[in-house]
Amino acid sequence: MKPRVKNRFSGSHGSVGRRGTAAVEFAMTFPIILLFFMAMVSLTQIYILRATSEMAAFAGAREGTVVGATESDIRREAEQVMKTVGASVYEIKINRSADSVEVDVTVPMDGNAWATCRYFPIDLKIQNRCKLRRRAVN
Numbered sequence: 009m010k011p012r013v014k015n016r017f018s019g020s021h022g023s024v025g026r027r028g029t030a031a032v033e034f035a036m037t038f039p040i041i042l043l044f045f046m047a048m049v050s051l052t053q054i055y056i057l058r059a060t061s062e063m064a065a066f067a068g069a070r071e072g073t074v075v076g077a078t079e080s081d082i083r084r085e086a087e088q089v090m091k092t093v094g095a096s097v098y099e100i101k102i103n104r105s106a107d108s109v110e111v112d113v114t115v116p117m118d119g120n121a122w123a124t125c126r127y128f129p130i131d132l133k134i135q136n137r138c139k140l141r142r143r144a145v146n
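Residue numbers (my numbering): 9 to 146.
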């Protein structure tokens with residue numbers, strides 16, 4: 009008959025010092041993991057809003073290069089792009105001259121990101137500008 013080998017974690021004497029270790033380790037590591045997750049989500053939101061505002065400025069400027077395009081056409085095109093990601097707060101400025109169209113899109117993070125500005129008192133704003141030449145009338 010084989011002698012029974014006692015596991016050091018089983019029995020009354022071996023496990024007294026190890027009770028609750030997993031709970032303590034979880035309590036210590038969970039906030040760090042949650043912080044990394046929230047940072048990842050916030051950075052992803054910032055990147056998506058930056059890319060979308062850049063595309064909105066370009067789409068508005070491109071619409072403005074068309075002969076006969078009005079300021080409302082330019083604004084509508086830029087707003088349509090911004091609404092694709094659910095951006096609720098943004099500002100569109102249009103500057104038209106005889107030979108070019110410039111569209112400036114500003115997106116404050118305060119009204120668009122659910123984690124970034126609620127916990128950090130930084131006034132983050134994403135700003136993109138696109139300037140295109142107008143098409144010549146033949």
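Yeah, the Cβ is synthetic: ideal placement off N, Cα and C, and Gly gets one too.
All of these numbers come straight from a predicted model, not from anything done at the bench.
Could you check what DSSP says for Thr-114 in three-state terms: helix, strand or coil? In the structure shown, Thr-114 sits in a strand (DSSP, three-state: E or B).
Threshold first: 3 residues or longer. Then list the beta strand (DSSP E) segments lying entirely within the segment 38-105, N to C. Runs of the beta strand (DSSP E) inside the segment 38-105: 99-104.
Spatial neighbours of Ala-103 within its chain, please: CB distance less than 6 Å, with the 5 preceding and 5 following residues excluded, ordered by chain position. According to the sequence provided, residue 103 is Asn. The question's Ala does not apply to it. So the list reads Glu-110, once near-sequence residues are dropped.
Does the Cβ of Ile-41 have 16 or more other Cβ atoms within 10 Å, making it buried, or fewer, making it exposed? That one is exposed.
If you draw a straight line from the alpha carbon of Arg-151 to that of Ala-35, how long is it in whole angstroms? Look at the range of the chain in this structure, 9 to 146, and you will see that residue 151 is not part of it.
Expected contact under 8 Å - CB spacing of Ile-54 and Ala-121 to nearest Å: That belief holds up - the Cβ atoms of Ile-54 and Ala-121 are roughly 7 Å apart, short of 8 Å.
Let's test the definition: count the other Cβ atoms within 10 Å of the Cβ of Ile-130 and tell me whether it reaches 16, buried, or not, exposed. Ile-130 comes out exposed.
Classify Arg-26 as helix, strand or coil using the three-state DSSP reduction. Residue state, collapsed to three classes: helix.
Would you report the Cα separation of Thr-73 and Ser-50, rounded to the nearest angstrom? Cα to Cα, Thr-73 sits roughly 35 Å from Ser-50.
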